[in-house]
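Just so you know, the numbering used here puts the end of the sequence shown at 674, numbered straight through with nothing missing.
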Amino acid sequence: MFGGVFDPDEINKKIAEKEALTQTPGFWEDNDKASKVMNDIKMLKGRIDPWVQLKKDIEDLQTLYELGMEEGDQDLEKEVKEILEKTKAEYEHQSILNLLSDEVDKNDCFLSVHAGAGGTEACDWTFMLSRMYQRWSERHGYTCEVLSQEEVEGGLKSINMKISGPYVYGYTKGEAGVHRLVRISPFDANARRHTSFASVYVFPVLDDSIEVKIDPKDLRVDTFRAGGKGGQHVNKTESAVRFTHIPTGIVVQCESERSQLMNRATAMSILRSRLYEYYKQEKEKENSKFAGEKKDISFGSQIRSYVFQPYTMVKDHRTKYSVGNIQAVMDGDLDGFLDSFLSAKWKGMPLSDDSDDLGDDA
């Protein structure tokens with residue numbers, strides 16, 4: 313019934329352990345710790361409660377089926393079929409969610425988009441993708457905060473966001489890779505069709521339970537005035553912070569807050585997340601698992617293509633899942649792509665990144 317990597321006994325054990333913590337003396341005196349434990353309990357129950365309900369629904373469906381067979385009621389038979397389809401869909405959905413079992417899948421995420429080949433068109437594409445992820449966040453009631461962005465004429469050279477909500481990293485980690493746009497460019501006076509690229513990177517936001525050691529001697533810290541159109545304060549003080557981790561060459565920055573101290577804290581959180589992924593790759597040596605983050609932002613390396621002309625289609629080259637309503641996708645309707653990626657992993661299907669020819673470049 314529960315299949316996959318889902319272990320109800322283990323989850324119930326974790327719930328019992330955390331509920332026991334709430335009964336210890338002084339537990340509620342530390343608000344931050346108490347809030348985290350209660351949130352963990354909520355998320356754990358959110359993993360097992362749907363399965364308990366699903367099991368009950370199946371038992372009710374079996375009773376309804378037996379009643380229909382006894383009475384030969386065709387209307388009841390139709391109702392059983394409809395309920396069965398919904399139950400099957402819910403079973404597959406919950407089975408897909410079972411894949412979100414890594415230690416960081418339940419966490420928030422840092423998501424960044426960077427313009428690749430395509431010039432001004434690619435910068436506009438970066439802006440469009442950032443809007444798409446922000447709209448997806450809104451659809452699910454998640455919080456999306458822009459931490460930094462590099463604005464250029466026609467769009468964005470890069471943007472860094474933090475998306476907060478249950479299992480956000482688990483849902484979005486499959487978005488890492490190169491995204492390809494094919495359309496008639498609004499920046500081309502001859503109205504020719506252009507192909508542009510942008511790269512998406514996704515990293516988990518780490519909590520205190522995961523330790524990532526950073527030696528202060530390995531950091532170069534730069535402060536500078538925040539960019540953008542901000543108000544009277546933001547561009548007059550060096551509130552923005554940039555960290556360069558010398559051993560790995562990883563660079564992160566934050567300029568979203570008025571306070572340098574707050575920007576420093578956020579930048580450090582991003583750096584910890586980046587280093588976590590870096591060291592994880594080094595340890596596991598599973599380069600193919602992270603291939604989407606390492607490819608050139610150009611032809612032949614895309615994980616997904618978005619075609620506006622001469623037809624409309626969005627296609628994921630790894631799962632072959634595609635939809636024709638491209639406007640809905642750009643408005644944040646991404647669940648089909650996220651679920652198909654997780655479903656392919658759940659079913660053990662090979663995730664090919666071979667891209668079909670969806671139109672020549674202008």
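Even glycine gets a Cβ: it sits at the ideal position worked out from N, Cα and C.
- Taking the DSSP output, what are the residues bridged to residue 516? Within the sequence shown, residue 516 is the residue found at index 204, counting from 1. Note: residue 516 is bridge-paired with 421 in the DSSP secondary-structure output.
- Message: Between the alpha carbons of residue 629 and residue 493, how many angstroms are there, rounded?
- Response: Here residue 629 refers to the residue found at position 317 when the sequence shown is read from its first residue. Here residue 493 refers to the residue found at position 181 when the sequence shown is read from its first residue. In this structure, the alpha-carbon of residue 629 lies about 13 Å from that of residue 493.
- Quick one: residues in its chain with C-beta nearer than 7 Å to the C-beta of residue 483, no 5 flanking neighbours on either side, listed in chain order? On the sequence shown, residue 483 is found 171 positions in, with the first residue counted as 1. The answer, listed in chain order, is 650.
- Excluding sequence positions up to five away, which residues of its chain have a Cβ less than 7 Å from the Cβ of residue 476? Locating residue 476 in the sequence shown gives position 164, counting from the first residue. Hits under 7 Å: 420, 454, 455.
- Report the option in 377, 404, 497 whose CA atom is closest to the CA atom of residue 622. Reading the sequence shown from its first residue, position 310 is the one you call residue 622. Nearest option by C-alpha distance: 497.
- Task: Using 10 angstroms around the beta-carbon of residue 381, count the other beta-carbons present and answer buried if the total reaches 16, otherwise exposed.
- Result: As a working mapping, residue 381 is identified with position 69 in the sequence shown. If you draw a 10 Å sphere on the C-beta of residue 381, you find fewer than 16 other C-beta atoms in it, and that means exposed.
- Would you please state the rounded distance, in angstroms, between the beta carbons of residue 551 and residue 572? I believe it to be under 8 Å. Locating residue 551 in the sequence shown gives position 239, counting from the first residue. Locating residue 572 in the sequence shown gives position 260, counting from the first residue. Contact holds; Cβ gap of about 5 Å.
- Task: With DSSP collapsed to three states, give me the class of residue 531.
- Result: On the sequence shown, residue 531 is found 219 positions in, with the first residue counted as 1. For residue 531, the secondary structure class from DSSP, reduced to helix, strand or coil, is strand.
- Task: Determine the direct distance from the alpha carbon of residue 515 to that of residue 422, and round the result to whole angstroms.
- Result: Taking the first residue of the sequence shown as position 1, residue 422 is located at position 110. Taking the first residue of the sequence shown as position 1, residue 515 is located at position 203. When rounded, the distance between both Cα atoms is 5 Å.
- Message: Among 620, 553, 581, 558, whose alpha-carbon lies nearest the alpha-carbon of residue 529?
- Response: Taking the first residue of the sequence shown as 1, we reach residue 529 at position 217. Of the listed residues, the one whose Cα sits closest to residue 529 is 558.
- Message: Looking at residue 373: is its Cβ nearer than 7 Å to the Cβ of residue 395?
- Response: As a working mapping, residue 373 is identified with position 61 in the sequence shown. As a working mapping, residue 395 is identified with position 83 in the sequence shown. Cβ distance < 7 Å, so residue 373 and residue 395 count as in contact.
- Check whether the stretch 463-482 touches the stretch 422-437, taking contact to mean three or more Cβ pairs, one atom from each stretch, closer than 8 Å. Proximity of the stretch 463-482 to the stretch 422-437 meets the contact definition, three or more beta-carbon pairs being nearer than 8 Å.
- Task: Return the bridge partner residues of residue 467 from the DSSP annotation.
- Result: Walking along the sequence shown from the start, residue 467 turns up at place 155. In DSSP, residue 467 forms a bridge with 464.
- Message: Let me check understanding here. Comparing Cα to Cα, which of 378, 363, 531 lies closest to residue 563?
- Response: Residue mapping note: residue 563 aligns to position 251 of the sequence shown, counting from 1. Its Cα nearest to that of residue 563, the residue 531 stands out among 378, 363, 531.
- Task: Would you decide whether residue 589 is buried or exposed? Buried here means 16 or more other CB atoms lie within 10 Å of its CB.
- Result: Here residue 589 refers to the residue found at position 277 of the sequence shown. Buried: at least 16 other Cβ atoms inside 10 Å.
- Task: Could you check the C-alpha separation between residue 358 and residue 418 for me, to the nearest Å?
- Result: In the sequence shown, counting from the first residue as 1, residue 358 sits at position 46. In the sequence shown, counting from the first residue as 1, residue 418 sits at position 106. Rounded to whole angstroms, residue 358 to residue 418 spans 11 Å at the Cα level.
- Task: Kindly confirm or deny that the stretch 458-467 and the stretch 633-647 touch, where touching means at least three C-beta pairs closer than 8 Å.
- Result: Contact check between the stretch 458-467 and the stretch 633-647: fewer than three CB pairs, one atom from each, fall below 8 Å, which does not count as touching.
- Do you know how far the Cα of residue 460 is from the Cα of residue 446? Working through the sequence shown from its first residue, we reach residue 446 at position 134. Working through the sequence shown from its first residue, we reach residue 460 at position 148. For residue 446 and residue 460, the distance between alpha carbons rounds to 14 Å.
- Task: Using beta-carbon positions only, say whether residue 499 and residue 438 come within less than 7 Å of one another.
- Result: Mapped onto the sequence shown, residue 499 falls at position 187. Mapped onto the sequence shown, residue 438 falls at position 126. Taking 7 Å as the cut-off, the Cβ atoms of residue 499 and residue 438 do not count as close.
- With a CB to CB cut of under 6 Å and the five nearest residues on each side skipped, what residues in its chain are close to residue 412? The sequence position of residue 412 within the sequence shown is 100, counting from 1. Residues 479, 482 of the same chain have their beta carbon placed closer than 6 Å to that of residue 412, with the five preceding and five following residues left out of the count.
- Which stretch, first to last residue, makes up the alpha helix (DSSP H) that contains residue 616? Mapped onto the sequence shown, residue 616 falls at position 304. No alpha helix (DSSP H) contains residue 616, which is instead part of the beta strand (DSSP E) from 614-619.
- How far does the alpha helix (DSSP H) with residue 349 in it reach, from first residue to last? Here the question's residue 349 lines up with position 37 in the sequence shown. First-last of the alpha helix (DSSP H) with residue 349: 343-383.
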